[in-house]
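First residue of the sequence shown: 0, per numbering that gives the first Met the number 0; consecutive thereafter.
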Amino acid sequence: MSLNIGIIMGSTRPGRNSEAVTQWVHGIARQRHDAKFEVVDITDYELPIYDEPIPPSFGQYEKPHTRAWAEKIASFDAYVIVSPEYNHGPSGALKNAIDFVYGEWNNKAAGFVSYGSAGGARAVEQLRLVMAELQVATVRAQVMLSLFTDFENFTVFKPDPRHEPEVHAMLDQLVSWGGAFKTLREREAQAA
Numbered sequence: 000m001s002l003n004i005g006i007i008m009g010s011t012r013p014g015r016n017s018e019a020v021t022q023w024v025h026g027i028a029r030q031r032h033d034a035k036f037e038v039v040d041i042t043d044y045e046l047p048i049y050d051e052p053i054p055p056s057f058g059q060y061e062k063p064h065t066r067a068w069a070e071k072i073a074s075f076d077a078y079v080i081v082s083p084e085y086n087h088g089p090s091g092a093l094k095n096a097i098d099f100v101y102g103e104w105n106n107k108a109a110g111f112v113s114y115g116s117a118g119g120a121r122a123v124e125q126l127r128l129v130m131a132e133l134q135v136a137t138v139r140a141q142v143m144l145s146l147f148t149d150f151e152n153f154t155v156f157k158p159d160p161r162h163e164p165e166v167h168a169m170l171d172q173l174v175s176w177g178g179a180f181k182t183l184r185e186r187e188a189q190a191a
């Protein structure tokens with residue numbers, strides 16, 4: 000069973016660190032043969048502040064940008080969310096993108112790679128709560144990158160080599176859980 004895993008770049012800020020972090024994760028992921036990995040840059044979808052007249056749980060998307068985003072999110076079996084930590088939480092752009100759709104996230108798995116002064120740990124704590132509400136199971140293993148030790152002058156990404164095994168540990172769990180949820184979704188579709 001081949002899994003499709005999206006690596007979501009969680010910042011839209013000009014000069015963002017998430018681009019380098021996401022490409023690093025993608026480079027490690029491409030070494031694997033247990034899933035297909037695709038980088039998803041939320042800036043490509045030009046999502047405004049949520050602008051649909053009907054709540055996303057109804058799945059009645061009117062706007063072209065919402066339909067395009069929904070299609071992309073639906074195409075994956077699991078997600079790696081690369082998140083900065085802004086003011087003890089994820090970026091507003093990432094939270095907004097997550098909130099745009101609902102059913103497309105359901106019964107899937109997510110793992111996290113975060114960065115910030117405290118490794119992005121507080122952003123991930125909030126994201127775990129959000130993803131639980133979307134019926135996304137989050138894996139325990141995560142990668143936390145420090146602006147002090149994994150970035151030169153807080154901007155040039157130079158990850159400590161110890162983080163590569165952490166990425167693999169997170170991906171191992173994500174592939175296992177993503178596969179289990181894919182089987183569940185397939186059974187539910189056959190029963191419908």
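Just so you know, even glycine gets a beta-carbon here, dropped at the ideal spot from N, CA and C.
Computed from a predicted structure; not experimentally measured.
- Message: By the DSSP assignment, the alpha helix (DSSP H) with ASN95 in it spans what residues?
- Response: 91-98
- Query: Across which residues does DSSP place PHE75 in a beta bridge pair?
  - Reply: Beta-bridge pairing links PHE75 to no other residue.
- Item | C-alpha distance - VAL81 paired with ALA191, whole-angstrom precision | 34 Å
- In or out: GLY177 buried (at least 16 other Cβ within 10 Å) or exposed? buried
- Item | Test item: CB-CB of LEU144 and SER113 under 8 Å | yes
- Cβ shell of GLU151 (< 8 Å), same chain only, five flanking positions each side left out: LYS157
- Report back the beta-carbon spacing between ARG121 and HIS87 to the nearest angstrom; my notes put them in contact at under 8 Å. 4 Å
- Among residues of its own chain, excluding the 5 on either side of THR11, which ones have a beta-carbon nearer than 8 Å to its beta-carbon? ILE41, THR42, SER90, ALA92
- Message: Bridge partners for GLU45 per DSSP, in chain order?
- Response: Per DSSP, none; premise fails for GLU45.
- Message: Short of 6 Å in beta carbon distance, which residues of its chain neighbour LEU173, apart from the five on each side in sequence? Order them along the chain.
- Response: ALA77, ALA108, GLY110, VAL138
- Message: With H, G and I counted as helix, E and B as strand and the rest as coil, what does DSSP make of ALA67?
- Response: helix
- Between LEU193 and ILE7, what straight-line distance do the alpha-carbon atoms span, to the nearest angstrom? The requested residue 193 does not occur in the structure, where the chain is confined to residues 0 to 191.
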